[in-house]
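For the sequence shown, our numbering begins at 2 and goes up steadily by one.
Heads up: the structure comes next, in structure tokens.
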Amino acid sequence: MTTEEKVILLAMLKKEEGESLKEVLLVLENSRVFSLKEGKRLAKALKEEGYIENGELTLKGEAAAMAAEDEFKLS
Numbered sequence: 002m003t004t005e006e007k008v009i010l011l012a013m014l015k016k017e018e019g020e021s022l023k024e025v026l027l028v029l030e031n032s033r034v035f036s037l038k039e040g041k042r043l044a045k046a047l048k049e050e051g052y053i054e055n056g057e058l059t060l061k062g063e064a065a066a067m068a069a070e071d072e073f074k075l076s
């Protein structure tokens, strides 16, 4: 899994109540993590791999997001 995919999963884990996947991708685009086009491509891959379903994280996605959070924490 790429760093960008991990960032999407972590952003989905930390998103505000009622915030959509597209809104999360727009926030990441505004933060210059990647372009919206690239974000949509990455999100599609995450959906196909079973990490995101109906705009929400699956249990597999939550586990991967929590692992990414631990990976990104500064020691």
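Cβ coordinates follow ideal geometry from the N, Cα and C atoms, glycine included.
Bridge partners - Glu-57, DSSP secondary structure assignment
Glu-54
Straight-line CA distance for Phe-35 to Leu-60?
25 Å
Rounded to whole angstroms, what's the CA-CA distance from Leu-47 to Thr-3? Just pull it up for me.
For Leu-47 and Thr-3, the distance between alpha carbons rounds to 11 Å.
Applying the criterion that 16 or more other CB atoms from any shown protein chain within 10 Å of the CB defines a buried residue, is Leu-58 buried or exposed?
buried
Glu-50 versus Val-8 - alpha carbon distance:
16 Å
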